[in-house]
Amino acid sequence: MLDEHQRAVVGHRRGPLLVLAGPGTGKTTTIVESVVDRIERRGADPERVLILTFSRKAAEELRRRVTSRLRRTTRTPVAMTFHSYAYALLRRECVLAGKAPPRLLTGPEQLLEIRRLLHGELEGGAPDWPQSLREPLKTRGFAEELRDFLSRANERGLDAERLIALGRLHGRADWVAAGRFSERYQDRFDLAPEETYDYAELVGAATALLAGADVRERERAAYDVVFVDEYQDTDPAQELLLSQLAGDGRDLIAVGDPDQSIYGFRGADVQGIMKFPERFRTLDGREAPVLALRVCRRSGADLLEASRRVAAKLPVAPAPTQEPGQASDEWPEHRPDDRPDHRHGHRDLVAPPDTEPGEVRVLLADSTSQEAAIVADTLRRAHLIDGVPWHRMAVLVRSARRQVPLLRRALTNAGVPTMIAGDEVPIAQEPGVRPLLTMLRMALDPSELDEGTAEELLTGPLGGTDMIGVRRLRRALKIAENEAMGVAATEAADPDATADPGAATGSGAADPDAKPGDRTADPDVEPGDRAVDAGAGAVTEAGAGAATEAAFGSAPEAASEVASGSASEAASGSASEAAGSGAAEEPGGGRIAEEVEGLPFKARSSGELLVAAIKDIRELTRIEPHIALPAERVAKLLSAARDAVRQDGTAEDLLWTIWDASGLAPRWSELSVSGGPRGAQADRDLDAVVALFDHAARFVDRMPMAGPEVFIDDLAAQEIPGDTLADRAPDGDAVRVLTAHRAKGLEWDVVVVAGVQEGVWPDLRLRGSLLGVEDLIETVEGGEPNKTSLVSKMLAEERRLFYVAATRARRRLVVTAVGGEDTDERPSRFLSELMPGAVESATVDDRARWLNLSALVADLRSAVTDPTKPRRVRHEAARQLARLAAAGVQGAHPNDWYALTPISDDRPLSWPDGIVSISPSAVESFTKCGLRWLLETAVGAAGTSTAQGLGNIIHALAVLAATDLPSEDLLGDRLDQIWNDLDFGGVWYNRKQRQVAEQMIGKFLRWHKENPRELVALEEAFTAMVSEGVQIKGRVDRVERDSDNRAVIIDLKTGGSKPKAGDLDRHPQLGVYQLAALLGAFARHGMTEPGGAALVQLGKAAGKHDALEQSQGALADDKDPGWAKDLVDTVAIGMSGPFFQAKVNDGCRTCAARASCPVNDNGGQVC
1 MLDEHQRAVV
11 GHRRGPLLVL
21 AGPGTGKTTT
31 IVESVVDRIE
41 RRGADPERVL
51 ILTFSRKAAE
61 ELRRRVTSRL
71 RRTTRTPVAM
81 TFHSYAYALL
91 RRECVLAGKA
101 PPRLLTGPEQ
111 LLEIRRLLHG
121 ELEGGAPDWP
131 QSLREPLKTR
141 GFAEELRDFL
151 SRANERGLDA
161 ERLIALGRLH
171 GRADWVAAGR
181 FSERYQDRFD
191 LAPEETYDYA
201 ELVGAATALL
211 AGADVRERER
221 AAYDVVFVDE
231 YQDTDPAQEL
241 LLSQLAGDGR
251 DLIAVGDPDQ
261 SIYGFRGADV
271 QGIMKFPERF
281 RTLDGREAPV
291 LALRVCRRSG
301 ADLLEASRRV
311 AAKLPVAPAP
321 TQEPGQASDE
331 WPEHRPDDRP
341 DHRHGHRDLV
351 APPDTEPGEV
361 RVLLADSTSQ
371 EAAIVADTLR
381 RAHLIDGVPW
391 HRMAVLVRSA
401 RRQVPLLRRA
411 LTNAGVPTMI
421 AGDEVPIAQE
431 PGVRPLLTML
441 RMALDPSELD
451 EGTAEELLTG
461 PLGGTDMIGV
471 RRLRRALKIA
481 ENEAMGVAAT
491 EAADPDATAD
501 PGAATGSGAA
511 DPDAKPGDRT
521 ADPDVEPGDR
531 AVDAGAGAVT
541 EAGAGAATEA
551 AFGSAPEAAS
561 EVASGSASEA
571 ASGSASEAAG
581 SGAAEEPGGG
591 RIAEEVEGLP
601 FKARSSGELL
611 VAAIKDIREL
621 TRIEPHIALP
631 AERVAKLLSA
641 ARDAVRQDGT
651 AEDLLWTIWD
661 ASGLAPRWSE
671 LSVSGGPRGA
681 QADRDLDAVV
691 ALFDHAARFV
701 DRMPMAGPEV
711 FIDDLAAQEI
721 PGDTLADRAP
731 DGDAVRVLTA
741 HRAKGLEWDV
751 VVVAGVQEGV
761 WPDLRLRGSL
771 LGVEDLIETV
781 EGGEPNKTSL
791 VSKMLAEERR
801 LFYVAATRAR
811 RRLVVTAVGG
821 EDTDERPSRF
831 LSELMPGAVE
841 SATVDDRARW
851 LNLSALVADL
861 RSAVTDPTKP
871 RRVRHEAARQ
881 LARLAAAGVQ
891 GAHPNDWYAL
901 TPISDDRPLS
911 WPDGIVSISP
921 SAVESFTKCG
931 LRWLLETAVG
941 AAGTSTAQGL
951 GNIIHALAVL
961 AATDLPSEDL
971 LGDRLDQIWN
981 DLDFGGVWYN
991 RKQRQVAEQM
1001 IGKFLRWHKE
1011 NPRELVALEE
1021 AFTAMVSEGV
1031 QIKGRVDRVE
1041 RDSDNRAVII
1051 DLKTGGSKPK
1061 AGDLDRHPQL
1071 GVYQLAALLG
1081 AFARHGMTEP
1091 GGAALVQLGK
1101 AAGKHDALEQ
1111 SQGALADDKD
1121 PGWAKDLVDT
1131 VAIGMSGPFF
1141 QAKVNDGCRT
1151 CAARASCPVN
1161 DNGGQVC
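Residue numbers (UniProt numbering): 1 to 1167.
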């Protein structure tokens, strides 16, 4: 049923009329009923009724509803966009003149032409352009800005000549240059066999035709009435066309809402609707009447009141001059005191009787991730508690690029089904499309393949591995490289000798206790390699080698032969690569530096090897098949794509080659059928790929001469693709996630507006700043361009956009932002306008539970296992868990609980040759936490860091300081030689680390000079048998002799922490060093008794100026001399047992295995 205001519009007799239609007032219904009334009751011919609207989608909807109400079709479309009407008019004139129909340039074609012309101007020196703009002329961004600038000029009737004149008048050399470019651009198409127009020129060309009396009279005679929907979104060119077609008092009904004008970035001008009454006057010269629709059928009173507060700060719209049943000339000039003020009638909306008031909430979160969780919880509670179907809820954002990916992940993880239109996220950023486009780019230009891109391809769907697999591949490639270098060096030294590939890497079993930064490895083993035979099979993992080997070589006598690449590898945080890349073992026990004398090549870094393996599959010949498989997949795909490139394939051909060879189609199709979150992701990936091929096909059809490079360039810079299958597919029962711009005209029961931050919404960044398109618009409108006026206009448009978002809700509106005390983010000013004084903090404590099954199971399991809970509560929790387990909910049955699942392998950890080999550092690590030792040693869970890399460098310099380079200046010079090759993550941090290194070197030299003991050995490797089946094996930094001819072991430390003074007497690592000395580890130096051991702190733990020596007395002087042996025996039993216990200790915070630790919060499990 129509209300009285709608009936007044339907009953409008003649002349122009402006209808102000706020959100939810039924403007589309009003237009449809007005059209039907004129056809069925007034006898109008459907062919003589024209509806013009802003978008193709709106035109389709109007055509469908009109024909549905009429129950018949029409010969010509009743509803058209302005551009469709303009093209039809131009085409009709060309046909009547016997000429070919005009050609319409697509956006990519227009941009391509602009870029070609700009490149041509650059080759000629670009004399017309100001010097400051000549460099930007090369970029795609400038070409896009120039296109938009010329479009805005065309919409405001500025041809090239007027643009040049305007530029000269206002002293804008860039506008003059743009005007001259416009002349050349037009000349380019004057040579075309058919008339050619771009999107912006289309309406202007049609208006020029209508300026002719014959064409104008013919077109006006063709239509009895013209309706215009969404009039607030028209631009000046469209307004001029409308005045030619339906001006001079003809029947014209324009419907719109100035408060919803949100397309200023596309040229829309809100002044068009604001000044409609004076620009479209009646036949007798009076201003056009204005009528407002005042009944909102969408929202209740509370929702309307909140949105009205936002709109109150917008400019005043035309006041309604007519009420239902009253002619405009009967409206009094002055309002009687007893008559309501309707000057803002289109905002003073009322809800129908018995409509629920609705609910508005504004929630502030502490972080973006928490905000996403709050959005997910809001939707789940509405669905599970209030029974709102998923498809009747939506999440609106300001920016799809910045906000949609995080929200999509959060909603998917929370079990909220989502539907994101294919053109909400740029197609090039879709997870399913990105690897295909990356592979295409690499095929077109293999030089773009770098280390980061290689890792991206390997860890994506094309390679199918993860970063652990990439690390194994790097290590395997490096080992193969070292072997090849060893063979090559042997042959270079003795061409007649037969190289033994195995000799290049040494032989023997690796130290099973080695870890990154540990310098206790067997000197006869390739640094970093270690093997542990754990139960069913051997686990091999590379770790860091000895510090000296990692940075400068394996022995003091080789330390002067520094290879800069090795130091760089060590500092980069990959210690296993540092050990391998710096040098390879010679058959005689020496090392091969990166640059070997007599060889025409250098050893490559692991990153270079990774890239080489993808470019040439032959690089993988020496790699184990299961390790090489991901790289083989990617390398074969790249080879196939490059073959297609050589055959001059189109973008569509190349994409099909990659897609067909990838094998993703059957894999994703199978996942799609299986359902669940992974199935939903596969659905999205498949849809994105179909959209990509659709886009490629259209591109090839429209620009057959443009190569794949142009396609990639066009797609990469495209903000929103033109079309996808997602728009045509059924939505299903899912929550819509979309931008506020796309939400216009839509409504849902529950709407969440997310990410309403200051700086994001409103976004007041000036657009088009190079050419000043905003200044141009301001100048044409008669204003004086200044930043204040521009910002004011942008703020008004941003407020209108927020108003549109806030008026989409039927029952509940929730607005979220980040604004906690611990964040720099500020909530938008719009929040206080929407709900002044009612903004809520939505912080979440540990007791809060989000509505999903895993959280419910976690709560119930916590209650069941908590002995402090009442027996009744625990019994009820157990009963609910039983219900969930019977329904098959994962994690509900006790058999799935952590620590109750059966052990997968209860056999004890076995060792090579049955000998438990213990390093001093491993004793300390195992004593603190047995599980961490196991995961880091046998599984390779230990991470690497820049601190470890810097430590390796300092240890190597300490060797040089004690041998070849005893002065600080000489050490500084050597450090200069290698420092530029180091990478600690940033230039400024490199400088900071350099200062730290110099300070530690200075501390060491001062300590070294003042040390009274005799230096016996550096980087000394040792082995000592403790008992049958147990040995101590490792390497020490320094072995010194005291005055009693006893061995004193020195361990250099570069970290920031140190043991407490009271803990030194029982320090495990120092004690084991002394035990090894007691067992004869250093007897070859004539020392069989330990005289103590010490940690020499060089880092932050030492203080600012001098090194700190923390000493442990001799074992013989301890009240319990056998404590170190007892400790080793205990550790040996533990290391060879089947169980490894996790213990809370001071290293838990930095433990790399904490995600798998049952005593750490990060290791907690639900399923």
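Glycine included, every Cβ here is placed at the ideal spot set by N, Cα and C. What you are looking at is a predicted structure, and each value in this text was computed from that prediction instead of being measured.
Sequence-distant residues of the same chain with beta carbon closer than 8 angstroms to residue i, five excluded per side
i: LEU725; result: In this prediction, LEU725 has a pLDDT of 39, which is less than 50 and means its spatial position is unreliable; what the coordinates show is noted afterwards. Cβ neighbours of LEU725 beyond the five flanking positions: GLY422, ASP687, VAL690, ALA691 and ASP694.
i: THR73; result: THR67
Per-residue DSSP class, three states only, for residue i
i: ASN1160; result: coil
i: SER841; result: strand
i: THR1150; result: helix
i: ASP1051; result: strand
i: GLY15; result: coil
i: LEU105; result: coil
i: GLN890; result: coil
i: ILE114; result: helix
i: PRO127; result: coil
i: PRO1037; result: The sequence shown places Asp at residue 1037, rather than the Pro named in the question. ASP1037 falls in the strand class under three-state DSSP.
i: LEU437; result: helix
i: residue 1189; result: No information on residue 1189 is available, as it lies outside the stretch 1 to 1167 that the chain covers here.
i: GLU709; result: helix
CB of residue i within 8 angstroms of CB of residue j, strictly
i: GLY1103; j: MET1000; result: no
i: PRO827; j: GLU784; result: no
i: ALA613; j: GLU481; result: no
i: ILE658; j: LEU637; result: yes
i: VAL996; j: VAL1128; result: no
i: VAL760; j: ALA805; result: no
i: GLY300; j: THR355; result: yes
i: LEU406; j: VAL395; result: no
i: LEU1015; j: ARG991; result: no
i: GLU747; j: ARG810; result: yes
i: CYS929; j: ASN1160; result: no
i: VAL645; j: ILE420; result: no
i: PRO289; j: VAL270; result: no
i: VAL864; j: TRP1007; result: no
i: LEU975; j: LEU957; result: yes
Heavy atom of the ligand NAD within 7 angstroms of residue i beta-carbon
i: LEU252; result: As for the ligand NAD, it is missing from this structure, which has no ligand bound.
Whole-number beta carbon distance between residue j and residue i, since they are thought to touch under 8 angstroms
i: ALA79; j: THR53; result: 6 angstroms
i: LEU304; j: THR25; result: No, LEU304 and THR25 are not in contact; Cβ-Cβ is about 11 angstroms, not under 8 angstroms.
i: ASP1051; j: GLN1069; result: 7 angstroms
i: TRP129; j: LEU137; result: 6 angstroms
i: LEU436; j: VAL735; result: About 28 angstroms separates the two Cβ atoms, so there is no contact after all.
i: ALA1142; j: LEU931; result: 4 angstroms
i: VAL700; j: ALA651; result: 6 angstroms
Close Cβ partners of residue i (< 6 angstroms) along its chain, the five nearest in sequence each way excluded
i: ALA237; result: GLU155, VAL203 and GLY204
i: VAL1030; result: VAL916 and ALA1132
i: residue 1176; result: Look at the range of the chain in this structure, 1 to 1167, and you will see that residue 1176 is not part of it.
Cβ neighbours of residue i in the same chain (closer than 7 angstroms, five flanking residues each side left out)
i: PRO1090; result: ARG1046, ALA1047, GLN1074, ALA1077, LEU1078, ALA1114 and LEU1115
i: ASP533; result: Any reading at ASP533 needs caution, since the residue's pLDDT is 35, under 50, leaving its predicted position unreliable; the model's value is listed next. Excluding residues within five positions, the ones whose Cβ falls inside 7 angstroms are SER910, TRP911 and PRO912.
i: ALA641; result: MET439, LEU440, ALA443, LEU654, THR657 and ILE658
i: LEU245; result: LEU210, GLU219, ARG220 and VAL226
Query - Segments of 4+ residues assigned as alpha helix (DSSP H) that fall wholly inside the stretch 1058 to 1111 - result: Counting whole runs of 4 or more residues, the stretch 1058 to 1111 contains the alpha helix (DSSP H) stretches 1068 to 1078.
Requested in this report: Taking only runs that begin and end inside the stretch 370 to 428, name each unbroken beta strand (DSSP E) of 3 or more residues, in chain order.
Outcome: 393 to 397
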